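Notes to accompany the following structure.
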Amino acid sequence: MRAIAMTTNGSPNVLQPQDVISPKIQTSQHILIRLQAAGINPVDTKLRRGGTFYPEQLPAILGCDGAGVVEQVGSEVSRFQVGDEVYFCHGGLGKKGTGNYAQYAVVDERFVAKKPQSLSFAEAAAAPLVLITAWEALYDRGRLEAGRRVLVHAGAGGVGHVAIQLAKLKGAEVCTTISTPEKAQFVKDLGAHPINYQETNFVEAVNDWTEGEGVELAFDTVGGDTLEETFPAVQVYGDLVTILNPSDSTNWKQARSRNLRIGLELMLTPQLTDNLEAQIAQTQILEQCSRLIDQGGLTIHLHQTFPLEKAKEAHKMIEAGGMTGKLALVMN
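According to our numbering, the residues represented by the sequence shown are 85 to 416, in order.
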C-alpha cells in the first residue's frame, strides 16, 4: 500500500511517500479498514519534529485520525460488517503497524465508531481527536453544567470550534478569543461572543462580559503564556482546563490565591497506557457525537484537504498557524 512514512524526525521533508506492506488482521477483534481520509493534528507535527513515542520502531506512519470503509473483519467482530463506514482515533503515535497516513489500517473494533452519515470521509477523519479532546476537557475535567459561562481560547481552531459547540449544547454561554474579523464572524455563527485579543486585553474583555465576575470555566487550547494570563479571567473557585503542558516558568500564585481547580487534558493517555476501559469510553464519545452531528447539533469545519502524497504541505500549513478549523489527507 502507499503510505507516508518518516524514518527520522525533523522538518516536513522527512515525510516521504513509500510503498509499505499492508497491515493484516492479527486478532479476532480486529477490522481491516480501507482508509478514505486521515485527519491531521498539531500532535502529528510535534511527533514529526521531536520524535515519536516509540523511536525504536522507525519507520513510523503518523496520523491518529482516520475514516474509511470496513474491508475485512476478525472472527469475533460483532459491531461491524464489511462495507460499514467508520471513523476513529487510534494509532499514529509511532507504534509499528499503526498510523493513518496510509491506504489501510487495522484497528480493534472496540476503538471504532460508525461514521456520521452527514459527513464526508474527509470531514469525518478530521473529527475524532478534536471531538474527544473538547468533550473530555469540558464535560469530564471542567464538569460543565448548564448556565455557566465559558472562555474558549482560539475558538476558530480545530479543538476550539468544537468546544464552542459542545459548551452551547450543554446550555453554557461562551466567549472566545480570535484574531481576525473573519474568525470573529465564524465563532459568532457558532453562538460565541468573540474577543479579538489583537485589539483588546482579553482578561478585561472577559471580566466586562461577566460583569466583573470572571468565567466559571476557561479552556486553554493555546498554551505558553496564555495559561498564566488566563488565571485572572476565571472566577474564584472556578475551573481552568488546558490541553498543553504547562511551562516550567508558570507562576501559579494567582491560580492558588483564587483557588482555581486546574485540569490537564491529554486524550492520548488511554492509548499510551493501554487503558482498555478508557479507550472504549472514548469510542462511546464518538458514537454520541455521530448522533449529534447527524441531528444537526454539531458541525466540523474542514478548512482544506490534501492528497496523501502532499502530507508535508499540510504539515507546513499547520505550523504556519492562523488556520480556521481542520485539515485532512484524502486517499486516491
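Beta carbons are placed, not taken as given, at the ideal position from N, Cα and C, and that holds for glycine. All values derive from a computational prediction rather than experimental measurement.
(request) Compare the beta carbon distance of ILE109 and VAL190 with 7 Å and say whether it is the shorter of the two. (result) yes
(message) With three or more C-beta pairs closer than 8 Å as the rule, is the region 162 to 174 touching the region 192 to 200?
(response) yes
(message) By alpha-carbon positions, which one of LYS180, ILE124, GLY152, THR111 ends up nearest to PHE137?
(response) LYS180
(message) Counting C-beta neighbours from all protein chains within 10 Å, is the total for ASN416 16 or more, i.e. buried, or is it exposed?
(response) exposed
(request) Could you spell out the range, first to last residue, of the alpha helix (DSSP H) harbouring HIS399? (result) 395 to 404
(message) Looking at the secondary structure, which residues open and close the alpha helix (DSSP H) in which HIS245 lies?
(response) 242 to 253
(request) For SER374, count neighbouring Cβ atoms within 10 angstroms of its own Cβ and tell me buried if that reaches 16, exposed if not. (result) buried
(message) Considering only DSSP beta bridges, list what ASP323 is partnered with.
(response) LEU301, ARG345
(message) As an exercise, report each continuous beta strand (DSSP E) stretch of at least 3 residues that is fully enclosed by the region 130 to 179, in chain order.
(response) 149 to 157, 169 to 173
(message) Considering just the uninterrupted stretch of the beta strand (DSSP E) at THR261, what are its terminal residues?
(response) 257 to 262
(request) Report the residue from VAL157, PHE303, ALA276, GLU207 whose alpha carbon sits nearest the alpha carbon of ASP224. (result) PHE303
(request) Give the secondary structure of GLN126 by DSSP, where H, G and I count as helix, E and B as strand, and everything else as coil. (result) Per the sequence presented here, residue 126 reads as Pro, with Gln not at that position. Looking at PRO126 - three-state DSSP - the assignment turns out to be helix.
(request) Could you pull the start and end residues of the alpha helix (DSSP H) that ILE88 belongs to? (result) Premise fails: ILE88 lies in the beta strand (DSSP E), 86 to 90, not in any alpha helix (DSSP H).
(request) Please classify GLU288: is it buried, with 16 or more other beta-carbons within 10 angstroms of its beta-carbon, or exposed? (result) exposed
(message) Applying the 10 Å Cβ sphere with the 16-neighbour rule, what's the burial state of ALA395?
(response) buried
(request) Flag this pair as yes or no: are the beta carbons of LEU235 and VAL306 separated by less than 7 Å? (result) no
(request) Please report the Cβ distance between GLY226 and GLY308, rounded to the nearest whole angstrom; I am assuming they are in contact, meaning their Cβ atoms lie under 8 Å. (result) Their Cβ separation, rounded to whole angstroms, is 20 Å, which puts GLY226 and GLY308 out of contact at 8 Å.
(request) Name the one or two DSSP bridge partners that HIS114 has. (result) ASP192
(request) Note the first and the last residue of the continuous beta strand (DSSP E) segment covering ALA365. (result) It is not in any beta strand (DSSP E) - ALA365 instead sits in the alpha helix (DSSP H) that spans 360 to 378.
(message) Run through the DSSP bridge pairs and tell me what ARG233 is partnered with.
(response) GLU257
(request) Determine the DSSP secondary structure at LYS198, reduced to helix, strand or coil. (result) strand
(request) Could you please give the first and the last residue of the uninterrupted alpha helix (DSSP H) stretch that includes LEU382? (result) Note, LEU382: premise wrong, no alpha helix (DSSP H); not H, not E.
(message) Does the contact criterion of 3 or more C-beta pairs under 8 Å hold for the region 151 to 165 versus the region 127 to 141?
(response) no
(request) In the DSSP assignment, find the alpha helix (DSSP H) that holds PRO265 and state where it starts and stops. (result) 265 to 273
(message) Using the three-state DSSP reduction, which class does ILE105 fall into: helix, strand or coil?
(response) coil
(message) Would ILE279 and THR261 be called neighbours here (beta carbons separated by less than 7 Å)?
(response) yes
(message) Between the alpha carbons of PHE315 and ALA339, how many angstroms are there, rounded?
(response) 6 Å
(message) Starting from VAL214, trace the alpha helix (DSSP H) in both directions and tell me its first and last residue.
(response) 212 to 219
(request) Just the C-alpha distance for ILE117 and LEU360, rounded to the nearest angstrom, thanks. (result) 21 Å
(message) Restricting to Cα atoms, I'd like to know which of THR284, GLU257, PRO330 is closest to HIS277.
(response) GLU257
(message) Quick test of your reading: LEU370 and LEU376, contact by CB under 8 Å. State the CB separation rounded to the nearest angstrom.
(response) 11 Å between Cβ atoms; not a contact.
(request) Would you decide whether TRP336 is buried or exposed? Buried here means 16 or more other CB atoms lie within 10 Å of its CB. (result) exposed
(message) For GLN165, tell me which candidate among VAL153, SER202, LEU228 has the shortest Cα-Cα distance.
(response) VAL153
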